[in-house]
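Accompanying notes for the structure given below.
In our numbering, the protein residues as written are 88 to 381.
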């Protein structure tokens with residue numbers, strides 16, 4: 088029987104992490120372990136684990152520093168090294184339904200193991216689709232959800248709740264750790280789906296407990312969250328320029344759209360945000376990291 092691990096990436100969100108672990112623990116009719124990969128939290132997260140902690144059964148892996156979403160590079164590598172064959176990956180603000188994992192494993196059996204990644208359907212607090220987690224089939228094309236189909240072919244997806252196999256990691260490699268944060272999930276799932284058919288498993292459902300049901304928006308970003316948009320734009324350019332004309336059209340449209348939104352709607356830090364946009368795009372054309380393999 089293949090060993091399964093629920094792999095949760097966290098950083099300084101102790102309360103959300105507890106909600107996530109509690110929901111993962113309540114999964115029905117499945118056998119699995121839980122591994123938490125912690126990007127050097129300073130809010131007491133480490134005390135939750137070990138013999139004296141709230142979750143002594145959870146495997147705790149301290150990354151030592153905040154790796155952003157690229158922490159999945161280290162978490163995936165660790166889980167494969169520990170001998171897990173099925174890796175159920177999620178962020179710490181994801182609250183899965185009690186049958187979320189069961190539905191992913193059911194899809195695995197139905198497909199005979201012939202798939203690259205399986206992604207759950209992520210909803211927001213009001214029950215609507217989480218806008219940040221709708222899979223894509225192309226740079227400009229999000230996949231419409233169908234009430235009549237449980238398995239919908241997709242090409243790119245986010246980390247909200249994804250299952251991959253260790254065998255796939257060995258063949259397709261690891262996420263690009265140099266991305267740090269932004270587009271690393273699209274790049275990795277696109278790399279996988281180029282080799283193996285991949286699916287949106289709409290019967291597997293999770294709540295993504297984001298503050299707002301929006302995609303990444305530099306207009307609303309403030310403080311230390313602004314820096315991540317530099318990485319997002321840089322990584323977008325590196326990733327989408329590989330899609331030829333279609334990718335370049337996407338990049339131009341996104342740049343023009345973002346630039347004029349900053350001009351029209353940003354009042355407090357217009358010049359700073361324009362600089363982030365331009366620098367991210369400019370650096371993306373010389374940025375060329377390569378994926379590592381196990």
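Note that the Cβ used here is the ideal one computed from N, Cα and C, for glycine as well.
Remember, it's a predicted structure, so these values are computed and weren't measured experimentally.
Proximity of residue i and residue j at Cβ, strictly below 8 Å
| i | j | result |
| --- | --- | --- |
| residue 161 | residue 154 | yes |
| residue 318 | residue 267 | yes |
| residue 305 | residue 365 | no |
| residue 344 | residue 227 | no |
| residue 209 | residue 114 | no |
| residue 124 | residue 158 | yes |
| residue 180 | residue 100 | yes |
| residue 199 | residue 380 | no |
| residue 138 | residue 111 | no |
Residues of its chain near residue i, where Cβ-Cβ distance is below 6 Å and the 5 sequence neighbours each way are ignored
| i | result |
| --- | --- |
| residue 205 | 191, 194, 250, 286 and 288 |
| residue 98 | 126, 128 and 153 |
| residue 116 | 189 |
| residue 334 | 226, 327 and 328 |
Expected contact under 8 Å - CB spacing of residue i and residue j to nearest Å
| i | j | result |
| --- | --- | --- |
| residue 171 | residue 90 | 5 Å |
| residue 256 | residue 182 | Between residue 182 and residue 256 the Cβ distance is about 26 Å, and since that is not below 8 Å, they are no contact. |
| residue 213 | residue 96 | That belief does not hold up - the Cβ atoms of residue 213 and residue 96 are roughly 25 Å apart, past 8 Å. |
| residue 302 | residue 247 | Not a contact, Cβ separation roughly 13 Å. |
| residue 163 | residue 146 | No, residue 163 and residue 146 are not in contact; Cβ-Cβ is about 14 Å, not under 8 Å. |
Spatial distance of residue i from residue j (CA atoms)
| i | j | result |
| --- | --- | --- |
| residue 265 | residue 376 | 7 Å |
| residue 215 | residue 244 | 18 Å |
| residue 358 | residue 105 | 39 Å |
| residue 315 | residue 370 | 14 Å |
| residue 88 | residue 165 | 20 Å |
| residue 354 | residue 296 | 28 Å |
| residue 236 | residue 290 | 9 Å |
| residue 119 | residue 238 | 23 Å |
| residue 173 | residue 372 | 35 Å |
| residue 107 | residue 356 | 35 Å |
| residue 279 | residue 331 | 19 Å |
| residue 312 | residue 156 | 14 Å |
| residue 340 | residue 274 | 19 Å |
| residue 207 | residue 270 | 18 Å |
| residue 203 | residue 175 | 13 Å |
| residue 252 | residue 374 | 29 Å |
| residue 233 | residue 254 | 30 Å |
Close-in-space but distant-in-sequence residues of the same chain around residue i (CB under 7 Å, 5 per side omitted)
| i | result |
| --- | --- |
| residue 368 | 320, 324 and 342 |
| residue 362 | none |
| residue 277 | 242 and 243 |
| residue 300 | 211, 215, 217 and 218 |
| residue 78 | Since the displayed the chain opens at 88 and closes at 381, residue 78 lies outside it and no answer follows. |
Below-8 Å beta-carbon distance, residue i vs any chain C residue
| i | result |
| --- | --- |
| residue 357 | The chain labelled as chain C is not found in the depicted structure, where only one protein chain is given. |
8 Å Cβ shell around residue i - same chain, five flanking residues per side excluded
| i | result |
| --- | --- |
| residue 201 | 283 and 284 |
| residue 224 | 230, 240, 241, 242 and 243 |
| residue 307 | 299 and 301 |
Self-check item: Segments of 3+ residues assigned as beta strand (DSSP E) that fall wholly inside the segment 149-220
Solution: 173-178, 181-183 and 204-210
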